[in-house]
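To keep things clear, I will list the structure first and then write my remarks on it.
Numbering (our numbering), first residue to last: 87 to 258.
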């Protein structure tokens with residue numbers, strides 16, 4: 087997010103640079119979690135705060151992994167992404183492509199101050215489907231399994247610059 091905001095002249099300070107940890111995500115929606123994280127950062131820093139929450143929503147799994155996308159398989163550390171992808175593939179099994187619809191959901195929240203009663207909220211979705219096998223090397227998380235019909239490739243097959251054309255695509 088910092089690189090995108092820098093293009094518009096904003097200097098972004100990551101909360102980790104201020105010694106601020108991350109709060110527990112207890113919200114029931116992406117919006118609630120993004121507000122919770124922004125409010126926490128604003129309270130701890132005394133500064134305006136921008137936060138995001140995002141995840142992969144798979145229709146055949148009733149919206150899972152959803153809010154739990156980053157911790158879907160219950161594995162932490164370097165193996166988390168691979169474990170999450172393996173669990174997703176196992177749960178979808180042999181479902182045909184027509185039943186593997188999915189979307190990336192991304193929510194961004196801006197709080198002007200810690201008690202801001204009217205946060206600015208933006209949310210977007212990117213539609214696609216889950217592949218049967220991983221494709222591509224340029225990604226993280228579920229990128230190698232998320233196929234975009236719009237570009238005919240998985241997100242991991244896209245260069246970072248191409249991926250930024252999709253406003254809700256996860257980019258690191």
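Beta carbons: idealized from backbone N, C-alpha and C, even for Gly. All values derive from a computational prediction rather than experimental measurement.
Discussion item. With three or more beta-carbon pairs closer than 8 Å as the criterion, would you say the segment 113-120 touches the segment 168-177?
Written reply: No, because fewer than three Cβ pairs between the segment 113-120 and the segment 168-177 fall closer than 8 Å, the two stretches do not touch.
Fill in: First and last residue of the uninterrupted alpha helix (DSSP H) at residue 131
Indexing the chain shown from 1 puts residue 131 at position 45. Where residue 131 is concerned, the enclosing alpha helix (DSSP H) stretches over 116-131.
Worksheet item: Would you call the segment 197-208 and the segment 221-236 touching, i.e. three or more CB-CB distances under 8 Å?
Response: no
Worksheet item: How about residue 127 and residue 106: are their beta carbons less than 8 Å apart?
Response: Translated into positions along the chain shown, residue 127 becomes position 41. Translated into positions along the chain shown, residue 106 becomes position 20. Contact: yes.
Worksheet item: Under the DSSP definition of a beta bridge, which residues are partnered with residue 323?
Response: Since the first residue shown for the chain is 87 and the last is 258, residue 323 is missing from the structure and cannot be characterised.
Item to complete: Spatial neighbours of residue 225 within its chain, please: CB distance less than 6 Å, with the 5 preceding and 5 following residues excluded, ordered by chain position.
Response: Here the question's residue 225 lines up with position 139 in the chain shown. Contacts found: 241 and 242.
Discussion item. Using only the alpha-carbon positions, how far apart do residue 217 and residue 102 sit?
Written reply: As a first step, residue 217 must be located in the chain shown, where it is residue number 131. As a first step, residue 102 must be located in the chain shown, where it is residue number 16. Taking the straight line from one Cα to the other gives about 35 Å.
Practice prompt. Can you check the segment 226-250 for any beta strand (DSSP E) of at least 3 residues that lies completely inside it and give the ranges in chain order?
Written response: 232-234
Discussion item. DSSP three-state label for residue 97, please.
Written reply: Here residue 97 refers to the residue found at position 11 of the chain shown. Residue 97: coil per DSSP, three-state reduction.
Worksheet item: Span of the beta strand (DSSP E) holding residue 144?
Response: On the chain shown, position 58 is the one that residue 144 refers to. From DSSP, the beta strand (DSSP E) with residue 144 extends over 135-144.
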